[in-house]
Structures are given as C-alpha cells and as structure tokens.
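>
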Amino acid sequence: MSAAPLRVVPAATPVPRTTIADLIRDEFEVDLYLPPRDNAYLYGPHCSARGCERPGNELIVDHARFCQRHGQRFQQAKLTVEEFLVDPPVIAARTELTGLPRYDLTASSAVTRGELRLLMQAMHDGAFSLTFSSKRWNALRAVYAQSEQESLVDIDLSRQPGPRVATGSAKRFQRFLADTYERLAGREPSRHDDVWPRRLYACFAHEMQGRPPTQMDFRAIGVPWLRQTAKEIAWQRMGVEGISPGVVWGMVREVIRFQDWAGERLVSPVDISRALLVEWLLHNKATRPPRAVSQRLSCLRLFIEHARVGGLAISPDATYLPGELGIRDELERPPKYFDDRELAQLDAPANQARLNDFNRRAYQVLRHTGMRQRSLVHLRFDCVVEAGGAFYLRFFNTKHRGAPKEHTIPISPDLAEVIRAQQQWVRFFWPAQEPTWLFPARNSNPTGNRPAHVGAIYNALVKWVKGCGLEAGDGQELHFWPHRLRHTLGTQMINEGVPQHAVQDYYGHASPEMTSHYAKLQDHTLRRELDGFLDRVNRRGERIEVLPAGVPADAALLKERLSRAKQTLPNGYCGIPVQQQCPHPNACLSCDAFVTDEAFRPVLLEQRARAQQLAEGAQADGHERLAQINLADVAALEAILTGLDDLLPAEADEHFDVRELGAA
Ligand SMILES: [Zn+2]
Numbered sequence: 126m127s128a129a130p131l132r133v134v135p136a137a138t139p140v141p142r143t144t145i146a147d148l149i150r151d152e153f154e155v156d157l158y159l160p161p162r163d164n165a166y167l168y169g170p171h172c173s174a175r176g177c178e179r180p181g182n183e184l185i186v187d188h189a190r191f192c193q194r195h196g197q198r199f200q201q202a203k204l205t206v207e208e209f210l211v212d213p214p215v216i217a218a219r220t221e222l223t224g225l226p227r228y229d230l231t232a233s234s235a236v237t238r239g240e241l242r243l244l245m246q247a248m249h250d251g252a253f254s255l256t257f258s259s260k261r262w263n264a265l266r267a268v269y270a271q272s273e274q275e276s277l278v279d280i281d282l283s284r285q286p287g288p289r290v291a292t293g294s295a296k297r298f299q300r301f302l303a304d305t306y307e308r309l310a311g312r313e314p315s316r317h318d319d320v321w322p323r324r325l326y327a328c329f330a331h332e333m334q335g336r337p338p339t340q341m342d343f344r345a346i347g348v349p350w351l352r353q354t355a356k357e358i359a360w361q362r363m364g365v366e367g368i369s370p371g372v373v374w375g376m377v378r379e380v381i382r383f384q385d386w387a388g389e390r391l392v393s394p395v396d397i398s399r400a401l402l403v404e405w406l407l408h409n410k411a412t413r414p415p416r417a418v419s420q421r422l423s424c425l426r427l428f429i430e431h432a433r434v435g436g437l438a439i440s441p442d443a444t445y446l447p448g449e450l451g452i453r454d455e456l457e458r459p460p461k462y463f464d465d466r467e468l469a470q471l472d473a474p475a476n477q478a479r480l481n482d483f484n485r486r487a488y489q490v491l492r493h494t495g496m497r498q499r500s501l502v503h504l505r506f507d508c509v510v511e512a513g514g515a516f517y518l519r520f521f522n523t524k525h526r527g528a529p530k531e532h533t534i535p536i537s538p539d540l541a542e543v544i545r546a547q548q549q550w551v552r553f554f555w556p557a558q559e560p561t562w563l564f565p566a567r568n569s570n571p572t573g574n575r576p577a578h579v580g581a582i583y584n585a586l587v588k589w590v591k592g593c594g595l596e597a598g599d600g601q602e603l604h605f606w607p608h609r610l611r612h613t614l615g616t617q618m619i620n621e622g623v624p625q626h627a628v629q630d631y632y633g634h635a636s637p638e639m640t641s642h643y644a645k646l647q648d649h650t651l652r653r654e655l656d657g658f659l660d661r662v663n664r665r666g667e668r669i670e671v672l673p674a675g676v677p678a679d680a681a682l683l684k685e686r687l688s689r690a691k692q693t694l695p696n697g698y699c700g701i702p703v704q705q706q707c708p709h710p711n712a713c714l715s716c717d718a719f720v721t722d723e724a725f726r727p728v729l730l731e732q733r734a735r736a737q738q739l740a741e742g743a744q745a746d747g748h749e750r751l752a753q754i755n756l757a758d759v760a761a762l763e764a765i766l767t768g769l770d771d772l773l774p775a776e777a778d779e780h781f782d783v784r785e786l787g788a789a
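Here the sequence shown is numbered in the numbering used here, starting from 126 and rising by one per residue.
Here it is as structure tokens:
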C-alpha cells in the first residue's frame, strides 16, 4: 500500500484584521449626529401639518401623522383631522433644531462608542425596519450606562430591564452586533450550530408567510441524539420539503415540550414507545382544547415518522393511530358563518363608524371577498384590474405550505371604490414612498414596505365587535373572528345556488373537500331555518307543515333543497319536486304547489296592493276580464295573508321570535 502523496499546503497569508471601527463611515464619526431630512429611519416621515418638517411619529390619527407639537395642538383643538389640517397652527421654534431628531454618539469607552456609531449607520441604511427617535436612542444609551459592560453583546438584557422603550430594539441590536462580531472573526452561521440565527434560514421563508422566527435555539433539547435529530429534520423539512421556518420551528417546539414532560424516561430512541405517546396524549387531552391537541401532537407524530425513516431505532408502533388525534366532526361544532341578522349588525353604519378608516376597509375587503387575512395584508397596492367595465382583484392565496398562488376574482364596483379610498390613504400616509402594499403596517414602518401584521387587524376587529356589544342569533354575545367572514361568504354563495365547482374556483381550493364543507353547512342553514320557521301557507291560506309527521326530517330537507335549486320565486316557494315539470309557469297564485311563509309578508302585501290597483284601473276602463283576473289574485293574497296571521302566536308583538312559534 502506498501512501497518498502529501500535498503542499501554502502557509496562511496573514489577513489584515478588520474591526468595527473599519466598518464605520466618516459621516458617523461625529459626537452629535443630525440625520438628513429625507431619511425615513432616523428622521421619520414628516408631520402631516402643512409646512412642518418635524418627524410625524408622535400621534397617528386616521391618515394623518403628527409631530409632538402638532399632536398636542390637534388634541386641544377638538377638530376632525380634515378640519385641523386645513389651517394647522404654525409652531414657533426657539432654534432651528427645536423638535428635530438629534443623536448623541459619545461614550467614555471606545468599544461602546464604536457600537453606537455602527448601530446608527446600520439604522440609517435601513437594516432594521424601525423609525427611531432621540428619546429611544437615549434610552438605549441608558441601557449601556446602567450595566457595567462596554459591549451590548455582554449585557444580559433579561436581567436588566432598562427603560421599557429600549428593551425590544436593544435585543435586535444585540443580535446584529453579535452577528457582526462573528463575521469579523470569519465565522459564518452553520446548521451544525445549536443556535440558528434567522439569516441562516431566511432564504427558506416566503415573504408572505410572515416573518420567520428570529432564531431557533436547539439548546432546550437536553438529550444530545434528540437535539441532533431535531436539527437534521428541521433543516430537511425547510430545504427539501419547502416547509416554512415558522411551521418547522413549531414542530421543534413540540419536541421540546414532549422532552420536558418525559424527563428521565427519555434516554435513548427506544424509549419513544407507544405507551409513552399514549400517556402524553392523555395528558394533553386533559389540559388543552381538542383542536390544539390535534395540531400539536400531529407535529410530534410527523417528527417521529421522520426520525424513524432517518434511521433512529424507534419502535414501529410508536405513533398515533388515525383518528386518535381527530377533532370532532365539523358539523357538530357550532356553525362558523354569520347569519343574516348577525351580518346586518356587523354592517350597520353606526357600528361601522366605530372602526377607523384603515380597519373598516380591511373589514370590507374580508367581508366581500372572503379572502384569508394573510392574503389581505399581502394585497399589492395596485391589486385592482379594470377590464370591460368590470373590476377584478388580484391577490395571493396563502397557506402554510408551498409558494403562494396568484388568484384573480371579480369584485363589485362598491368594493373597488373602497380600495381606491385605501390607496389614497396610503399615498397620504407615506407621501414620499412608492407604495408596495394596500394595507401596510402603520407603526415602525418608515418606508411603508412592511405589510400590516395579521394579528393587529385580527385584534382590532375582535375588539371592535366586543365594543359594539353585538348579539348572536341565540341572544348571547356575538363571538367574532375574521375568518368567519370567509365561511359566511362561501355559505352564502352555495345558498344562492352558485355551483360548488365555481365556489371552489373562487376560493382557490385545491380539492372539492373544503368546498363541500360549505355545502354541508348549507344543509345546516336550511335545517335551522326549517326548525325555526316551521309552517307555511298555500294559496288558500291553509297551513302546510314543512316537516310533516310521518316523513323523515332528512327527506323533507332533501325535498326543500331540490325545490330551492329549481326555482326561487319573489313571493314564496314552489313546492313541486324538481323532477316534475311546472304545469302553469307564472301563475303561482292559482297553483296548489305554491307555498309561502312569514318572510315574504312584505312582498305579498305589496303584491296585493298592486293587484287591487290594477283591478280598479281595469274596471274603470271597462276591461272586465282583466279586472276579474286581478281580483282573483287579490282574493288569493287575502287568504294567504290571513293564513299567515293565523300562524302567529296570539300575543305576538312585532319583535316576536320565530323559535317561540315553533314551541307554541
Ligand atoms: Zn408638526
């Protein structure tokens, strides 16, 4: 055996050491830094008051942003934003710098001074999506001063609360500086490390899946082989399967939770047994809502499957069986759509007026398109297309998995108008920027190119409904969450006879299963309607039971569904089964199959008045035959209305509740 020839390795040439000081540009080597007035990060967008160049970061009201001084004046003035902005007061300034941001870059230690200047430069360059102020800057300097450390990296921020205004950004600055020091030392983050910084996996995140977690810290997994496996599976799921970092980190957290609970029972892979998993399931079921148990333990099951395939000696039966994690049948849960009465309350102008412009428009887009909230915040500024006199909306269908898909749906001119108003709002709010999003985040968003946070809109809408004190159909407080608007629109479309495949296209559902969920809900609506409304009358005013004795309720429901699919009349229902031809179209009032109910009373009253008028007119003109036809209609309508009256409970007042009718 001959040894491989030795390669000659050249001696390492000494690399000139780079330090933090080398990274700082001259303009930041100053003791007092005055940012340029067009810098969105250190100066901020200007105050909305005409002629005021101070940063408008103090107060945000509707589409206007105010500097501290105009903010105070606005609050004292008790005017609307529009009124105030017509002729805003001129604020006398003592010096040219009054109210303008200025940043103190001095420090007694050279290390601290270097870090402050580097941070200032990074902020100026837009490394953090922050609008800074002198006040926040001084709070950061106080964090340095209160510790005895020279470098922010060495300060334990959890031990040192510091002024609250600085804590959040100090953490980000700390990570930035730690990264910088690592890079200066020639070290790049690696997937073999135990702590992954965001920049290691940021490339796997799609812009529309939300910001990936700031870091993934695997040190919480104490057992070495489990930690190693978690890192491998996490990397593989992001890189190969295209799963977003947020979802992957959710899986790792479930592993951490499981390991913390199992404690010393988890020493080697064989300890992951069916018995241990079942015990963990029971523990979860006792302490958590079913949906959370299902979601979380599915993550764990997936992890174990990956680990087994990856070669860990985990027993094949160590898993959860189909159905064990299952949530209850969707239909057993209370329906998630809003009924007409609930929608009417949500849409009532008085309630809408309690939302600010931004959130009201967000609500309207969700309400009338049924899109997901994540799609809403990622609507492009120019998302409306006008073609052939009609309006269309382009948006991205987003889910956790896979890349978002672009999708175009028709919208009403009214909604197009709402969007136009929102575009104006964005232009007013960020006058100097080229707009990216239709609903950008309003805070900490100096350039407007960060979309609103889903949670912010969610919370605002939930709080709004709570504040309005709305009532659900059952008289309880209305339980609102925005995704219910999506279910509502789907259910409405199905109810109005839009074919299921068209609804599927509209929602961009990959499979018909999701859409059939709405169709099932339709049965649920119908059933509720039938249970509630009960009886109807025919043309002679005779009572017709909707759920007649002797016929299974399901059969009655099926008949109802078939006849509704066939024909919806302006004044009632056609009772002829769909399989049969109508013998006399357009003459429902003389047809025995015609039935109607209380809901049509206003139409019937109007119809009676019109028939009466026509009959009188015909009589005056001497058209006896025409008069008779109309009088027959009047008589039929009289009988129907009397029949409807008879269905009402004796002491019914105008607010009667249909459910009482059923009980009577
Ligand atoms: Zn101002």
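Even for Gly, the Cβ is constructed at its ideal location relative to N, Cα and C.
1) Candidates G592, Y583, R552 and G580: which alpha carbon is nearest G573's?
2) Taking C-beta to C-beta, are Y166 and L222 nearer than 9 Å?
3) Using 8 Å as the cut-off, classify the Cβ of H195 as near or not near the heavy atoms of ligand 1, replying yes or no.
4) Whole-angstrom Cβ separation of E154 and R242, contact assumed at under 8 Å?
5) With DSSP run on the structure shown, which of helix, strand or coil describes E455?
6) Would you call A740 buried or exposed, if buried means 16 or more other Cβ atoms sit within 10 Å of its Cβ?
7) Between the segment 225-238 and the segment 256-265, do three or more beta carbon pairs fall short of 8 Å?
8) What runs of the alpha helix (DSSP H), each 4 residues or longer, lie entirely inside the segment 461-495?
9) Which whole-angstrom value is the C-beta distance of R726 and V759, which I expect to be below 8 Å?
10) Looking at the structure shown, is Q420 part of a helix, part of a strand, or coil, going by DSSP?
11) Return the chain-ordered list of same chain residues with a C-beta closer than 7 Å to the C-beta of S398, the five sequence neighbours on each side being excluded.
12) Compute the minimum distance between the beta carbon of A174 and the heavy atoms of ligand 1, and state whether it is under 8 Å.
13) Please say whether G615 and Y643 have beta carbons closer to each other than 9 Å?
14) Can you tell me which of D342, C424, Q340 and G347 puts its alpha carbon nearest to the alpha carbon of V372?
15) What is the DSSP secondary structure of L504, reduced to helix, strand or coil?
16) Given a cut-off of 9 Å, decide if F506 and R567 are closer than it, judged by their beta-carbon atoms.
17) Would you mind giving the Cβ-Cβ distance between P338 and P370, rounded to the nearest angstrom? I have them listed as a contact below 8 Å.
18) Quick one: using the 10 Å Cβ neighbour count with 16 as the cut-off for buried, is H608 buried or exposed?
19) Based on Cα-Cα distance, which residue from R479, R545 and R492 lies nearest to V509?
20) In the segment 221-272, which residue ranges form an unbroken alpha helix (DSSP H) of at least 4 residues, counting only runs that do not cross its ends?
21) Tell whether a beta-carbon distance below 9 Å holds between F719 and G697.
22) Let's see if you can read the secondary structure: which residues bound the alpha helix (DSSP H) around M363?
23) Would you say F253 and S294 are within 9 Å of each other, going by their C-beta atoms?
24) Among A757, Q744 and E208, which has the Cα closest to the Cα of S715?
25) How many whole angstroms separate the CB atoms of T721 and I765, which I take to be in contact at a CB cut-off of 8 Å?
26) Have a look at P415 and H612 and give me their C-alpha separation to the nearest angstrom.
27) Taking the alpha carbon of R336 as the reference point, which residue from D342, W374, A345 and F301 has its own alpha carbon closest?
28) Roughly how many angstroms separate the alpha carbons of Y462 and Q625, rounded to a whole number?
29) To test your reading of the DSSP string, which unbroken beta strand (DSSP E) runs of 3 or more residues are found completely within the segment 180-219?
30) Check each candidate in Q629, G239 and L471 and name the one with the smallest Cα separation from D147.
Taking the structure as given:
1) R552
2) no
3) yes
4) 7 Å
5) Note on E455: pLDDT 43, under 50, position unreliable in the model; no value is reported.
6) buried
7) yes
8) 465-472, 474-477 and 482-494
9) Not quite, the Cβ-Cβ distance comes to about 16 Å (not below 8 Å), so this is no contact.
10) helix
11) S440 and A443
12) yes
13) yes
14) C424
15) coil
16) no
17) 6 Å
18) exposed
19) R545
20) 235-249 and 259-271
21) yes
22) P349 to G364
23) yes
24) A757
25) 6 Å
26) 21 Å
27) W374
28) 17 Å
29) 184-186 and 189-191
30) G239
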